[in-house]
Structure formats: structure tokens, C-alpha cells
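Accompanying notes for the structure given below.
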Amino acid sequence: MSAAASKSRELLIHSSDGTTQALPLNRPRYTIGRSSGNELCYPDDAGLSRQHFALEAQGEQWLVRDLGSKNGTFVNGVRITEPLVLGRNDRITAGHLMLEFADRVETPAPDKTVVFVDSATKAPSSTTVRTSLEGSQEIGAGGHMRALIDIGRELSGHMPLSELFEKIMKLSLEAVGAARGVLMTLENGELQVRAAKGAGFQISSKVRDEVIQSKASFLVRDAQLDEAFADRQSIVQQQIRSIMAVPLQTDSRVIGLIYLDSPHFVHEFTKDDLNLLTVMANVAAIRIEHARLAEVEQAEKLLAKELQQAAEIQRRLLPEKAPVLPGVDIAGYNASCRTVGGDYYDFLPYPDGRVGLLVADVAGKGMPAALMVSSLQARVQVLFEEHTNLAARVTRLNRIIHTSCPNNRFITLFLGVLDPATGEMTYCNAGHNPPLLLRANGSVENLETTGLILGILPRSEIAQSTCKLQPGDLAVLFSDGVTEASRADVDEEFGEERLAETLRQCSAQPAAAMIDTVIQKLTEFTSGAPPADDITLIVVKYQGS
Numbered sequence: 000m001s002a003a004a005s006k007s008r009e010l011l012i013h014s015s016d017g018t019t020q021a022l023p024l025n026r027p028r029y030t031i032g033r034s035s036g037n038e039l040c041y042p043d044d045a046g047l048s049r050q051h052f053a054l055e056a057q058g059e060q061w062l063v064r065d066l067g068s069k070n071g072t073f074v075n076g077v078r079i080t081e082p083l084v085l086g087r088n089d090r091i092t093a094g095h096l097m098l099e100f101a102d103r104v105e106t107p108a109p110d111k112t113v114v115f116v117d118s119a120t121k122a123p124s125s126t127t128v129r130t131s132l133e134g135s136q137e138i139g140a141g142g143h144m145r146a147l148i149d150i151g152r153e154l155s156g157h158m159p160l161s162e163l164f165e166k167i168m169k170l171s172l173e174a175v176g177a178a179r180g181v182l183m184t185l186e187n188g189e190l191q192v193r194a195a196k197g198a199g200f201q202i203s204s205k206v207r208d209e210v211i212q213s214k215a216s217f218l219v220r221d222a223q224l225d226e227a228f229a230d231r232q233s234i235v236q237q238q239i240r241s242i243m244a245v246p247l248q249t250d251s252r253v254i255g256l257i258y259l260d261s262p263h264f265v266h267e268f269t270k271d272d273l274n275l276l277t278v279m280a281n282v283a284a285i286r287i288e289h290a291r292l293a294e295v296e297q298a299e300k301l302l303a304k305e306l307q308q309a310a311e312i313q314r315r316l317l318p319e320k321a322p323v324l325p326g327v328d329i330a331g332y333n334a335s336c337r338t339v340g341g342d343y344y345d346f347l348p349y350p351d352g353r354v355g356l357l358v359a360d361v362a363g364k365g366m367p368a369a370l371m372v373s374s375l376q377a378r379v380q381v382l383f384e385e386h387t388n389l390a391a392r393v394t395r396l397n398r399i400i401h402t403s404c405p406n407n408r409f410i411t412l413f414l415g416v417l418d419p420a421t422g423e424m425t426y427c428n429a430g431h432n433p434p435l436l437l438r439a440n441g442s443v444e445n446l447e448t449t450g451l452i453l454g455i456l457p458r459s460e461i462a463q464s465t466c467k468l469q470p471g472d473l474a475v476l477f478s479d480g481v482t483e484a485s486r487a488d489v490d491e492e493f494g495e496e497r498l499a500e501t502l503r504q505c506s507a508q509p510a511a512a513m514i515d516t517v518i519q520k521l522t523e524f525t526s527g528a529p530p531a532d533d534i535t536l537i538v539v540k541y542q543g544s
């Protein structure tokens, strides 16, 4: 492909975290998958195979080729089996990724220039005093010492930050006899007003920068005489004479500033006032930081409590116990890698003796995934009150999920309906890990996908298939947290083969004991490392009627 042709196309990659990346297609070939050997690597996308599909240049055209992936590669909702030429705006879906083949659009670089404007252009005169926390340690006795004692006493108790800011402002005004003032804190690099008395404050940006960046304290004894301030209309109109600005400084960090001013007929600030306010601001800053830490700690405790409650609610969404059926031994297991998780399993008993077996995996982890699990469970209970027309019901579930799901949040799902009397199981597999069917004769079969992952395309059709269990057969449903468990020191996964071999070795045990054995083997394989993903298992031992 020519250089001009390669630069005219790009790939818009919509990933599961909601971001979109524009990738210029300027190489002859790209491979996409979970392995680090791919040009485009997505190790956390459970729906992708290690090498899932490839994009290949052919003249001025681009081909998409599936590389034998487990869950398939889809172009505009249709699974491809042969290399396919891409057209403009074609959409490729694989795992939790959606990629759009588009014309490349050149955009100008963003302008990130920030300009600060200050009307004060002249240097401060001799009426300005500059000091720092280190230079303000010697404070006169009398009223100033009492003010420090008062602020220490007043700020020693516990109070919300909003009240604390107001209290500091009040004490600062009283300590130096100021008429007006404002307290501001740095939030994400910007000064935010937290408490104020008065209005129409105009603070020199030079003074602001000196206070914040150099930890300097400023006193302007007579702003009417100082050439740097005398020409400012706000100073003249409000008859402001004395000005002070000091940093809210802990031992090493500035978290904001206090600005005070006063008209000539109220009070003219002195060097002792500046020293006092500087030390008071230091005490106040430390108290503010302690209050912030206390609020953060309280918020974390509240969040932890809410997460525990959410985990308890989620546990109650799962079956308390497996159904007891003639000729069938069933057990299920779920463990979240965080307090709450995105895996879900369920048993759906029907009046005619059949039972539904369901395993689902929501993209992502933590609270967002847990909320989607809760929503999924409610819809499953309604849509699958009956087991007839299974494919149509799963297709309808996909449409509902697509309507309500956030962008790039998807769900893999396997749902099988087993008839204990005959061993026949009708199932739909929407992009989930193919369950293992371990035959009594030692062979292994996979219940492959019959449709796209739920939530990707609104009109995606989910097909259904059937299999038949014979006496002695095992059906094992699992999430990718089982087969993709790995050790930190070795690039190796637990894998389907190791799972199948573990199940063969303990096949004489009851279903619940078999799950215990698998979990033990997983723990040994990962050397006891915390799981990186949620783990879900259903084991079905079919003994026949």
C-alpha cells in the first residue's frame, strides 16, 4: 500500500473504559489481542483471545482476518470466517472492543496557553513589607499573644470544614482589626473562595503568585501612596489603605491564602500584625489539613461500610443452594476479586422438572459491574420464567441491555436448560467462555458461542443449540477468572486443559467437593496470590434417570 493511501485511513478504537483512540493506519499489518506480542494489546479484555484478529493492507484496501479466536470477530454484527475487505465506516467488534474503519481527519493541535493579567505594573514601594513564616517567629506580647492562644483554643475542637473556614476568617479579622477579608484554598491548582467578609476583592496576581509559590507574606501599609496599587479603581473607591496577604502554609506546603484589607479610618496594619497573621495562618493550615484527613477517613469508612452492605446484597442475588434433581448433582461457586464483582450465576428451576443453568460476566470490576449484575439478575428472573423459545428470549435480553447499558459496557452470558429425564440441554452462548462437556469416555467437548456478546449491537440475533449428556458426563460452566488465573512470575494461565484434567482426577467426588478441589488447585497454581478477576463455577454431574 502506498504512503498516501496508508495516511488516508484510520481506526477509531472504542474500548471498554469508554475512551476512543484514533489510530492512523500506517503499517502494512496490525494484530489485535490480549498477548503483549500484538501491535494492539488489550490484556484486560476478557473477551479477546491472545491473538484475536488482524488488519492487513492489500493495495489501497484493508482486510480483516480472524486468527482462530474463541469468541469470534464480527463486522457490522456478522461473524466472519474468511478475510473480508473493509469499507468506510465498517464496524469491527471483538471482545469488549468496537473498532470503526474511517477516513482520517486532520485536527489542529489544541491551544493550552494560559495568560494572567494584572493591572499593577509598577514595583511595590517602601510602604510594602515582605516576610515569611520563618521570619515571623518573634511576636510581641499582649494582644497578639492572646490572639494566638485564642486561635489555638478555638480551633482545637472538631468541626466540619465549612464551619472551620468561617471560624478562621472570623479569628483573622478580629486578631488584626481588619474590615474585610477572604480565605481561599488551592483545589486542583485553582484558588477557591471558602469564606469571606466583604465583596469586590481584587488581588494582585503578582502578590498571589509570591504568596503561593514563594510562601511570602505581604503587607502594604498605605495602598493610596504605593504606586503599584494607587491607580487601581477598586482601591480608590473603597478607600482601602492597608493590605495583607499570607499563605495558608503547613510545614512545607501552601494550601491557600488569607487576604485582609482595611480602610484608613479603621486600622493601619503593622509589621507585628503581619507576623501574627502569618503564624495564625500556619496554625489554621495545619488544622484544615487535619480536618480534611478526618473527613477523608470518615468518607472511606462510610464507603467501606456501604461496599460491605452492597456485597451482602449481591450475595443474596446468588442461589442459596443448588436444586436437588433426580439423577443430577449440581453445585455452584462465586468469589469476587474485590468487595463486589461482575460475575453472576443462577439456577432456574421449572415446573416440568427442567433447570436453567446460567453464568454471566459483566465487563469491568467493582461497583459499576455489580450494579449491572443486579440489573441483569432482575431481567433474567422476568424474561426466563419459561424456558420455551430460549434464543428469542436471549435476543430480547440483548436488546434491553443495549438500550440501558453505558457505552462499551457489555455482558457475556451462557444459559442452558437441562432436562434431567433425558440429559438433553438446550443452550445459548452469547460470547461467554465455552463450557466444558467432559464425557465419561474421556473426551472433551466445548459448547461454543451461538451469538455476539450482549449489549454490543441492538439487532444481534442469538441462536440456540443442543447437546445430550450421558450417564457419567460432566458439564462445567465457568468465568474467565478460572482459566485466566496466572502467577506473577510466569506468563502462564491456568487454562482449560488444566481445568479439565483437575476435574477428571476428582470426578468421583460430589459436585460441591469437585469445586473445592478446583479452587484449591487454582490457589496452588497462583501461589496464593490474590485473584485478578472474579471466579465463578457451576459443575453438573449427570447420572441419568
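Numbering follows numbering that gives the first Met the number 0, with no gaps: position 170 of the sequence shown is 169.
Positions of the beta carbon are idealized from the N, C-alpha and C atoms, including for glycine.
Values in this document were obtained by computation on a predicted structure and should not be read as measured data.
Query raised in the report: Looking only at its own chain, which residues have a Cβ that is under 8 Å from the Cβ of residue 158, when we skip the five neighbours before and after it?
Result: Counting from one through the sequence shown, the residue named residue 158 turns up at place 159. The beta carbon of residue 158 sits closer than 8 Å to those of 166, 290, all from its chain and outside the five residues before and after it, given in chain order.
Query raised in the report: Whose CA, out of 371, 202, 384, lies closest to the CA of residue 355?
Result: Walking along the sequence shown from the start, residue 355 turns up at place 356. Comparing Cα-Cα distances from residue 355 to each of 371, 202, 384, the minimum goes to 384.
Report task. Using three-state DSSP, classify residue 77 as helix, strand or coil. Result -> In the sequence shown, the residue the question calls residue 77 occupies position 78. Correct three-state label for residue 77: strand.
Report task. Return the chain-ordered list of same chain residues with a C-beta closer than 8 Å to the C-beta of residue 141, the five sequence neighbours on each side being excluded. Result -> One-based indexing of the sequence shown puts residue 141 at position 142. Since pLDDT at residue 141 reaches only 49, below the 50 mark, its modelled position is unreliable, and no value is offered.
Query raised in the report: According to the neighbour-count rule (16 or more other Cβ atoms, all chains shown, within 10 Å of its Cβ), is residue 449 buried or exposed?
Result: Start at 1 with the first residue of the sequence shown, and residue 449 comes out as number 450. Looking at its Cβ environment, which holds 16 or more other Cβ atoms inside 10 Å, residue 449 is buried.
**Report entry** Residues of its chain near residue 154, where Cβ-Cβ distance is below 6 Å and the 5 sequence neighbours each way are ignored
**Finding:** Taking the sequence shown and counting its residues from 1, one reaches residue 154 at position 155. Within the same chain, residue 154 has close Cβ partners 286.
Query - Of the listed residues 330, 434, 438, nearest to residue 510 (C-alpha basis) - result: If you number the sequence shown from 1, residue 510 lands on position 511. Ranking the options by Cα distance to residue 510, first place goes to 330.
Query raised in the report: Excluding five sequence neighbours on each side, which residues of the same chain lie with their C-beta closer than 7 Å to the C-beta of residue 305?
Result: Working through the sequence shown from its first residue, we reach residue 305 at position 306. If we look at residue 305 and ignore the five residues flanking it on each side, it has no Cβ neighbours.
Query raised in the report: Among 59, 462, 398, 370, which has the Cα closest to the Cα of residue 24?
Result: As a first step, residue 24 is located in the sequence shown; it is residue number 25 there, counting from the start. The candidate whose alpha carbon is nearest that of residue 24 is 59.
Query - Backbone secondary structure at residue 252 - three-state DSSP - result: Translated into positions along the sequence shown, residue 252 becomes position 253. DSSP places residue 252 outside both helix and strand once states are collapsed to three, so it counts as coil.
Query - Neighbour-count burial assignment, residue 529, 16 or more Cβ in a 10 Å radius - result: Position 530 of the sequence shown, counted from the first residue, corresponds to residue 529. Label assigned to residue 529: exposed.
Query raised in the report: Which partner residues of residue 60 appear in the DSSP bridge assignment?
Result: Position 61 of the sequence shown holds residue 60. For residue 60, which the question treats as bridged, DSSP gives the partners 57.
Query raised in the report: Does the stretch 187-196 come close enough to the stretch 260-280 to have 3 or more Cβ pairs within less than 8 Å?
Result: no
**Report entry** Three-state secondary structure assigned by DSSP to residue 23
**Finding:** As a first step, residue 23 is located in the sequence shown; it is residue number 24 there, counting from the start. It is a strand residue.
Query raised in the report: Do you know whose CA, among 349, 327, 503, lies nearest residue 440's CA?
Result: Residue mapping note: residue 440 aligns to position 441 of the sequence shown, counting from 1. Considering only alpha carbons, the answer is 503.
Report task. Mind the definition here: the stretch 422-434 touches the stretch 464-483 only if three or more C-beta pairs lie below 8 Å; say whether that holds. Result -> Taking 8 Å as the limit for Cβ pairs, the verdict is that the stretch 464-483 does touch the stretch 422-434.
Query raised in the report: Three or more beta-carbon pairs under 8 Å between the stretch 324-338 and the stretch 387-403, yes or no?
Result: Output reads no: the stretch 387-403 does not touch the stretch 324-338.
Query raised in the report: So does the stretch 203-219 actually touch the stretch 165-181, counting three or more Cβ pairs closer than 8 Å?
Result: no
Query - Check whether residue 55 and residue 28 have beta carbons under 7 Å apart - result: Here residue 55 refers to the residue found at position 56 when the sequence shown is read from its first residue. Here residue 28 refers to the residue found at position 29 when the sequence shown is read from its first residue. The answer is yes: Cβ separation under 7 Å.
Report task. Give every residue of the same chain whose Cβ lies closer than 7 Å to the Cβ of residue 479, excluding the five residues on either side of it in the sequence, and list them in chain order. Result -> Translated into the one-based positions of the sequence shown, residue 479 becomes position 480. Cβ within range, chain order: 45, 360, 432, 532.
Query raised in the report: Between the stretch 370-379 and the stretch 335-344, do at least 3 Cβ pairs fall closer than 8 Å?
Result: yes
Query raised in the report: Is there a Cβ from chain D that is less than 7 Å from the Cβ of residue 194?
Result: Reference to chain D is not applicable here, since this structure consists of a single protein chain.
Query - Inter-residue spacing [alpha-carbon to alpha-carbon] between residue 295 and residue 452 - result: On the sequence shown, position 296 is the one that residue 295 refers to. On the sequence shown, position 453 is the one that residue 452 refers to. Approximately 39 Å, taken between the alpha carbons.
Query - Nearest-angstrom Cα separation, counted from residue 208 out to residue 172 - result: Counting from 1 along the sequence shown, the entry for residue 172 is found at position 173. Counting from 1 along the sequence shown, the entry for residue 208 is found at position 209. Distance between the alpha carbons of residue 172 and residue 208 is about 23 Å.
Requested in this report: Give the secondary structure of residue 13 by DSSP, where H, G and I count as helix, E and B as strand, and everything else as coil.
Outcome: By one-based count along the sequence shown, residue 13 stands at place 14. Residue 13: strand per DSSP, three-state reduction.
Query raised in the report: Sorted by chain position, which residues of the same chain lie with C-beta nearer than 8 Å to residue 210's C-beta, five sequence neighbours on each side aside?
Result: Against the sequence shown, residue 210 aligns to sequence position 211. Answer for residue 210: 216, 217, 244, 245, 246, 253, 256, listed in chain order.
Query raised in the report: Below 7 Å between beta carbons: does that hold for residue 94 and residue 47?
Result: On the sequence shown, residue 94 is found 95 positions in, with the first residue counted as 1. On the sequence shown, residue 47 is found 48 positions in, with the first residue counted as 1. Contact flag set, yes.
Query raised in the report: Using DSSP with H/G/I as helix, E/B as strand and the rest coil, what is residue 46?
Result: As a position in the sequence shown, residue 46 is number 47, starting the count at 1. Residue state, collapsed to three classes: coil.
Query raised in the report: If residue 430 sits next to residue 37, beta carbons under 8 Å apart, how far is it from one beta carbon to the other, in whole angstroms?
Result: Position 431 of the sequence shown, counting from 1, holds the residue named residue 430. Position 38 of the sequence shown, counting from 1, holds the residue named residue 37. Not quite, the Cβ-Cβ distance comes to about 20 Å (not below 8 Å), so this is no contact.
**Report entry** Residue range of the alpha helix (DSSP H) that includes residue 524
**Finding:** Taking the sequence shown and counting its residues from 1, one reaches residue 524 at position 525. Residues 510-524.
Query raised in the report: When you compare only the Cα positions, how much space is there between residue 49 and residue 33?
Result: For the purposes of this step, residue 49 is taken as the residue at position 50 of the sequence shown. For the purposes of this step, residue 33 is taken as the residue at position 34 of the sequence shown. Those two C-alpha atoms are separated by around 4 Å.
Query raised in the report: Is DSSP giving residue 216 helix, strand or coil here?
Result: For the purposes of this step, residue 216 is taken as the residue at position 217 of the sequence shown. If DSSP states are grouped into helix, strand and coil, residue 216 belongs with the strands.
Query raised in the report: Between the C-alpha atoms of residue 9 and residue 64, what's the straight-line distance to the nearest angstrom?
Result: To locate residue 9, count along the sequence shown from 1; it is residue 10. To locate residue 64, count along the sequence shown from 1; it is residue 65. Straight-line Cα distance between these residues: approximately 17 Å.
Report task. Tell me where the alpha helix (DSSP H) around residue 367 begins and ends. Result -> Taking the sequence shown and counting its residues from 1, one reaches residue 367 at position 368. Counting along the chain, the alpha helix (DSSP H) containing residue 367 begins and ends at 365-382.
Query raised in the report: How long is the line joining the alpha carbons of residue 186 and residue 364, rounded to whole angstroms?
Result: One-based indexing of the sequence shown puts residue 186 at position 187. One-based indexing of the sequence shown puts residue 364 at position 365. About 29 Å.
Requested in this report: To the nearest angstrom, report how far apart residue 350 and residue 521 are at their CA atoms.
Outcome: Locating residue 350 in the sequence shown gives position 351, where the first residue counts as 1. Locating residue 521 in the sequence shown gives position 522, where the first residue counts as 1. If you take the alpha carbons of residue 350 and residue 521, they lie about 37 Å apart.
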